[in-house]
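Q: Heads up: the sequence lines are chains X and L, in that order. According to my numbering, the stretch in the first sequence is residues 1 to 340, in order. According to my numbering, the stretch in the second sequence is residues 1001 to 1340, in order. All residues carry an ideal CB built from backbone N, CA and C; glycine is no exception.
2 protein chains.
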Amino acid sequence: MKPKNTSSGLKEVARYSGVSIATVSRVINADPKVKAETALAVQKAIKTLGYRPNRVAQRLRATTARRRLVGLLIPDIQNPYYVDIIRGVEHYAYNQNATVIIGNFSQDPKKEELYIDILRSESVDGFIVATTPRTEKKVELLIEEGIPVVCIDRGLRSLKADVVKTDNEAGAFMATEHLIRLGHKRIAHIAGDKEIPTTHERIAGYRAAFKKYHLKTEEGLIFSRKSDYESGVQLTEEILALKCRPTAIFTANNLLTLGSYEVLHRHKMKIPEEIAIIGFDDVYWANSLNPALTAVKQFGYEMGQQAAELLYKRLSHPQAPPASLIIKPELMIRKSCGES
Amino acid sequence: MKPKNTSSGLKEVARYSGVSIATVSRVINADPKVKAETALAVQKAIKTLGYRPNRVAQRLRATTARRRLVGLLIPDIQNPYYVDIIRGVEHYAYNQNATVIIGNFSQDPKKEELYIDILRSESVDGFIVATTPRTEKKVELLIEEGIPVVCIDRGLRSLKADVVKTDNEAGAFMATEHLIRLGHKRIAHIAGDKEIPTTHERIAGYRAAFKKYHLKTEEGLIFSRKSDYESGVQLTEEILALKCRPTAIFTANNLLTLGSYEVLHRHKMKIPEEIAIIGFDDVYWANSLNPALTAVKQFGYEMGQQAAELLYKRLSHPQAPPASLIIKPELMIRKSCGES
DNA sequence: TGTATATTTGATAACGTTTACATTTTAACG
DNA sequence: CGTTAAAATGTAAACGTTATCAAATATACA
Chain X
1 MKPKNTSSGL
11 KEVARYSGVS
21 IATVSRVINA
31 DPKVKAETAL
41 AVQKAIKTLG
51 YRPNRVAQRL
61 RATTARRRLV
71 GLLIPDIQNP
81 YYVDIIRGVE
91 HYAYNQNATV
101 IIGNFSQDPK
111 KEELYIDILR
121 SESVDGFIVA
131 TTPRTEKKVE
141 LLIEEGIPVV
151 CIDRGLRSLK
161 ADVVKTDNEA
171 GAFMATEHLI
181 RLGHKRIAHI
191 AGDKEIPTTH
201 ERIAGYRAAF
211 KKYHLKTEEG
221 LIFSRKSDYE
231 SGVQLTEEIL
241 ALKCRPTAIF
251 TANNLLTLGS
261 YEVLHRHKMK
271 IPEEIAIIGF
281 DDVYWANSLN
291 PALTAVKQFG
301 YEMGQQAAEL
311 LYKRLSHPQA
321 PPASLIIKPE
331 LMIRKSCGES
Chain L
1001 MKPKNTSSGL
1011 KEVARYSGVS
1021 IATVSRVINA
1031 DPKVKAETAL
1041 AVQKAIKTLG
1051 YRPNRVAQRL
1061 RATTARRRLV
1071 GLLIPDIQNP
1081 YYVDIIRGVE
1091 HYAYNQNATV
1101 IIGNFSQDPK
1111 KEELYIDILR
1121 SESVDGFIVA
1131 TTPRTEKKVE
1141 LLIEEGIPVV
1151 CIDRGLRSLK
1161 ADVVKTDNEA
1171 GAFMATEHLI
1181 RLGHKRIAHI
1191 AGDKEIPTTH
1201 ERIAGYRAAF
1211 KKYHLKTEEG
1221 LIFSRKSDYE
1231 SGVQLTEEIL
1241 ALKCRPTAIF
1251 TANNLLTLGS
1261 YEVLHRHKMK
1271 IPEEIAIIGF
1281 DDVYWANSLN
1291 PALTAVKQFG
1301 YEMGQQAAEL
1311 LYKRLSHPQA
1321 PPASLIIKPE
1331 LMIRKSCGES
């Protein structure tokens, strides 16, 4: 039994409704040039035949901006922050009748490069990328070739692309200031991977808060390794082993926070009495932690939407000057730092 | 400045290396018919010209099984279990030089249907689906049309497709038995949405454990609403309000577990002394919860891989009888039920 | 060397659309 | 009613590949 090919194709619709395939194509694309009467007839044919345009053929033929496919390059799909971004992008794309194709490179440099190539050969309308500096050159190449790119989460040094990102410095500042106001003076910062630009922005915010309150920031209290769970574990162990223990920890992302929580619990530390903790990145299970986590919320979902919108704007106005959207984060005060 | 079109296309490679496009196409597809010598020359041309095949054109022209695109239909990308599945599928696909296109329908029935159509018009080689019974008919239609489908997480009633799923009954049994052995007799079960088949399988496992130990299962202790966080919260509240409180809770998925944890903490319940809790679905932050969560681990990543493998096997053997892969889950004993 | 048979290659028609451009139909107007 | 402009449709050439078939070249063998 060979697979019966129900997919009708423009031709059959055309034959069925007695017009040319060009006309059918026109009604599919809502071309106003076609007479209302014929449009109706064709639409009926489409419905009864159950015709659906072949998006692959459309994409092959269509000129840019009409391919209805956006490429999304994501460092780690396990990170709920990026999942929020994905959802945001997907939401916007969906409303534009576009599909999004995700390149999740899992922090793997090889994959990161390869996925740029792959998405490219898929003829995307444009890219939304959260890349590492490693692929900066490659991304710039895309831009030079006229492919729209919007950077999300992390900006490109040479700002020839649109970018939407969190105000990392402000976020880190808020977190640190919150701790300081609560009376903490010795605050450890578990920073992320120093290869990633956001890490430095967050460290800067941490420093700025100290400065504002005329406190000296102890360099020895800034810890950094990588951005993952394991680093959170190890660095928290180091912090607890310190002869002169800090009274609070500020972790630079949700994975580090989790690692920190694990160690704190393992050592039966009382949070926040013995040690307070505040994290960058709010997560949907913040309230299920014990105590509920006070955190800096990034608006990933909204950022994703904005990025997609920016991308489509650029598609229609390729020559517009690059826009930069800096989203202010918000402090979600819960229990892990004590009374607010 | 118009975008310079660097993408060379078969033609240019052919001209450059002095062969026909057919030959170039052959070396791209590693056709053994081409002489080693010419193959080398063409490869060199490909390299120096920086040629990359256009996957869209390939897909349009290629017959089934050579399109290198798999469609993945996922109910909720926020659920880490599904993220594991995605990663598994993606890993396998990547090694086959295939891309995966994700249709995350966010539990929205409208989107669920639509995404099937969309992925279809993207000419996927086949589908991997975790659908609800709502779209069962639509999925069966795909199968009838000869499009390979493998069901993941949930099986189709009419088993004409491959399926890979967790042994839900066994998992629920393990969890409940664990509790019973620890001395619990009154164990509440926060089940998922009754529309979803897995819910019933897990309830069955819960019942089976009681049966084995000659205990009567109290119907009043099985709670069900939906499968989300909020339901976990509400149902746990109900449980705590019971005149005769159970000594343990078995939650049917990670979202429900999280909701339960929140309420338990809010009520300052001592876990596991006052109430024990065990959850279906292990999560990477189980150790960061307080106490660390004892849970039934589903092997999402492995399942994803297996599903992809099954899909590609079916692609090459369309007539093979449907396979069914039932994966045994594993109990991850940590602290939320007390000593093991 | 000539013939038969493998091996390699090349020309070209698809795949299912969109889009110039040409053509036909309709409307407008004196 | 004839002419001209506008509106609606049709024709056919792309888009960048793969695949079929035929042609050309190399290999084997008598």
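#1: Quick one: what does DSSP say Asp-228(X) is sitting in, helix, strand or coil?
#2: Residues of chain L with a CB under 9 Å from the CB of Tyr-261(X): which are they?
#3: May I ask which residues mark the beginning and end of the alpha helix (DSSP H) holding Thr-1023(L)?
#4: Taking a contact to mean a Cβ-Cβ separation below 7 Å, would you say Glu-90(X) touches Val-83(X) in this structure?
#5: Thinking C-alpha only, which one of Leu-159(X), Ala-276(X), Ile-86(X) and Asp-108(X) is nearest Thr-132(X)?
#6: Would you kindly work out how many angstroms separate the C-alpha atoms of Ser-17(X) and Val-70(X), rounded to a whole number?
#7: When the Cα of Tyr-1051(L) is compared with those of Leu-1072(L), Val-1024(L) and Leu-1240(L), which residue comes out closest?
#8: Between Glu-1145(L), Thr-1251(L), Cys-1244(L) and Tyr-1284(L), which has its C-alpha nearest Leu-256(X)'s C-alpha?
#9: Could you tell me which of Asn-254(X), Ala-292(X) and Glu-12(X) sits nearest to Glu-1262(L), measuring between CA atoms?
#10: Would you call Gln-1319(L) buried or exposed, if buried means 16 or more other Cβ atoms sit within 10 Å of its Cβ?
#11: Please classify Ser-1316(L) as buried or exposed, where buried requires at least 16 other C-beta atoms within 10 Å of its C-beta.
#12: Mind pulling the chain X residues with CB within less than 7 Å of Ala-1057(L)?
#13: Sort Lys-1226(L), Lys-1185(L) and Lys-1212(L) by Cα distance to His-1200(L) and report the nearest one.
#14: Which same chain residues, not among the five before or five after Glu-1330(L), have their C-beta less than 7 Å away from its C-beta?
#15: Decide yes or no for the touch test of the stretch 138–152 of chain X against the stretch 173–192 of chain X: beta carbon pairs closer than 8 Å, at least 3 of them.
#16: Using a Cβ cut-off of 8 Å, pull out every chain X residue sitting near Pro-1053(L), in sequence order please.
#17: Apart from the five residues just before and just after Val-1233(L), which ones in its own chain have a Cβ nearer than 7 Å to its Cβ?
#18: Looking at Asp-1125(L): is its Cβ nearer than 7 Å to the Cβ of Pro-1322(L)?
#19: Start and end of the beta strand (DSSP E) containing Ser-324(X)?
#20: Are Ser-336(X) and Pro-272(X) closer than 7 Å when you measure CB to CB?
#21: For the putative contact between Gln-1096(L) and Tyr-1312(L), defined by C-beta atoms under 8 Å, what is the C-beta separation to the nearest angstrom?
#22: Locate the beta strand (DSSP E) running through Thr-251(X), then write down its first and last residues.
#23: Residues of the stretch 86–102 of chain X with a CB closer than 7 Å to any CB of chain L: list them in chain order, please.
#24: With 7 Å set as the bound, which would you pick, yes or no: does the beta-carbon of Gln-1078(L) sit closer than that to a beta-carbon of chain X?
#25: Reducing DSSP to helix, strand and coil, say where Leu-1073(L) ends up.
#26: Would you say Val-24(X) lies against chain L (beta-carbon separation less than 7 Å)?
#27: Whole angstroms are fine: how far does the CA of Glu-1144(L) sit from the CA of Lys-2(X)?
#28: Using a 10 Å radius around the Cβ and a threshold of 16 neighbouring Cβ atoms, would you call Thr-1063(L) buried or exposed?
#29: Three-state secondary structure (DSSP) at Leu-235(X)?
#30: For Asn-5(X) and Ala-1252(L), I'd like the C-alpha separation in whole angstroms.
#31: Quick one: which chain X residues come within Cβ less than 7 Å of Ile-1118(L)?
#32: Could you check whether the Cβ of Val-150(X) sits closer than 7 Å to any Cβ belonging to chain L?
#33: State the start and end residues of the unbroken beta strand (DSSP E) segment that holds Thr-257(X).
#34: With burial defined as no fewer than 16 other Cβ atoms inside 10 Å of the residue's Cβ, what is the status of Gly-304(X): buried or exposed?
#35: Flag this pair as yes or no: are the beta carbons of Arg-1026(L) and Val-1019(L) separated by less than 7 Å?
#36: Would you verify that the beta carbon of Val-1083(L) is, or is not, closer than 7 Å to some beta carbon of chain X?
A: A quick look at the data gives this:
#1: Taking the first residue of the first sequence as position 1, residue 228(X) is located at position 228. If DSSP states are grouped into helix, strand and coil, Asp-228(X) belongs with coil.
#2: In the first sequence, residue 261(X) corresponds to position 261, counting from 1. Chain L residues near Tyr-261(X): Trp-1285, Asn-1287, Ser-1288, Leu-1289 and Asn-1290.
#3: Taking the second sequence and counting its residues from 1, one reaches residue 1023(L) at position 23. 1021–1028 is the extent of the alpha helix (DSSP H) around Thr-1023(L).
#4: Indexing the first sequence from 1 puts residue 90(X) at position 90. Indexing the first sequence from 1 puts residue 83(X) at position 83. No.
#5: By 1-based counting over the first sequence, the position of residue 132(X) is 132. The shortest Cα separation from Thr-132(X) among Leu-159(X), Ala-276(X), Ile-86(X) and Asp-108(X) belongs to Asp-108(X).
#6: The residue you call residue 17(X) lines up with position 17 of the first sequence. The residue you call residue 70(X) lines up with position 70 of the first sequence. Going from the Cα of Ser-17(X) to the Cα of Val-70(X) covers about 34 Å.
#7: Within the second sequence, residue 1051(L) is the residue found at index 51, counting from 1. When each option's Cα is compared against that of Tyr-1051(L), the closest is Val-1024(L).
#8: Against the first sequence, residue 256(X) aligns to sequence position 256. Ranking Glu-1145(L), Thr-1251(L), Cys-1244(L) and Tyr-1284(L) by Cα distance to Leu-256(X) puts Tyr-1284(L) first.
#9: On the second sequence, residue 1262(L) is found 262 positions in, with the first residue counted as 1. Closest by alpha carbon: Ala-292(X).
#10: Working through the second sequence from its first residue, we reach residue 1319(L) at position 319. Under this definition Gln-1319(L) is an exposed residue.
#11: Translated into positions along the second sequence, residue 1316(L) becomes position 316. It counts as exposed.
#12: In the second sequence, residue 1057(L) corresponds to position 57, counting from 1. Per Cβ cutoff of 7 Å: Leu-60.
#13: Start at 1 with the first residue of the second sequence, and residue 1200(L) comes out as number 200. Per the Cα distances, Lys-1226(L).
#14: As a first step, residue 1330(L) must be located in the second sequence, where it is residue number 330. Closer than 7 Å at Cβ, skipping near neighbours: Lys-1297.
#15: no
#16: Position 53 of the second sequence, counted from the start, is the residue given in the question as residue 1053(L). Chain X residues near Pro-1053(L): Ser-121.
#17: The residue given as residue 1233(L) occupies position 233 in the second sequence. Closer than 7 Å at the Cβ level, and outside the excluded window around Val-1233(L), lie Gly-1259, Glu-1262 and Val-1263.
#18: Position 125 of the second sequence, counted from the start, is the residue given in the question as residue 1125(L). Position 322 of the second sequence, counted from the start, is the residue given in the question as residue 1322(L). No. Outside cutoff.
#19: The sequence position of residue 324(X) within the first sequence is 324, counting from 1. Segment 324–327, the beta strand (DSSP E) holding Ser-324(X).
#20: Residue 336(X) sits at position 336 when you count from the first residue of the first sequence. Residue 272(X) sits at position 272 when you count from the first residue of the first sequence. Closer than 7 Å, so yes.
#21: The sequence position of residue 1096(L) within the second sequence is 96, counting from 1. The sequence position of residue 1312(L) within the second sequence is 312, counting from 1. About 6 Å; that satisfies the 8 Å criterion.
#22: Looking up residue 251(X) in the first sequence gives position 251. Note, Thr-251(X): beta strand (DSSP E), 248–251.
#23: Ile-86, Arg-87, Glu-90, Thr-99, Ile-101 and Ile-102
#24: Looking up residue 1078(L) in the second sequence gives position 78. Closer than 7 Å: yes.
#25: Counting from one through the second sequence, the residue named residue 1073(L) turns up at place 73. If DSSP states are grouped into helix, strand and coil, Leu-1073(L) belongs with the strands.
#26: Taking the first sequence and counting its residues from 1, one reaches residue 24(X) at position 24. No, Val-24(X) lies away from the interface with chain L (no Cβ there is under 7 Å from its Cβ).
#27: Position 2 of the first sequence, counting from 1, holds the residue named residue 2(X). Position 144 of the second sequence, counting from 1, holds the residue named residue 1144(L). Any reading at Lys-2(X) must be qualified, since the residue scores a pLDDT of 32, below 50, and its modelled position is unreliable; the value itself is stated next. If I take the Cα positions, the gap works out to 10 Å.
#28: Translated into positions along the second sequence, residue 1063(L) becomes position 63. Its Cβ having fewer than 16 others within 10 Å, Thr-1063(L) is exposed.
#29: Mapped onto the first sequence, residue 235(X) falls at position 235. Note: Leu-235(X) maps to helix in three-state DSSP.
#30: Translated into positions along the first sequence, residue 5(X) becomes position 5. Translated into positions along the second sequence, residue 1252(L) becomes position 252. Interpretation of Asn-5(X) is limited by its pLDDT of 40, a score under 50 that renders its predicted location unreliable; no figure is taken from the coordinates.
#31: If you number the second sequence from 1, residue 1118(L) lands on position 118. Within 7 Å Cβ-Cβ: Thr-99.
#32: Position 150 of the first sequence holds residue 150(X). Chain L contact via Cβ: absent.
#33: Here the question's residue 257(X) lines up with position 257 in the first sequence. No beta strand (DSSP E) holds Thr-257(X); the alpha helix (DSSP H) holding it covers 254–266.
#34: By one-based count along the first sequence, residue 304(X) stands at place 304. Buried.
#35: As a position in the second sequence, residue 1026(L) is number 26, starting the count at 1. As a position in the second sequence, residue 1019(L) is number 19, starting the count at 1. Taking 7 Å as the Cβ cut-off, Arg-1026(L) and Val-1019(L) do not qualify as a contacting pair.
#36: For the purposes of this step, residue 1083(L) is identified with residue 83 of the second sequence, where counting begins at 1. Judged by the 7 Å Cβ criterion, Val-1083(L) is in contact with chain X.
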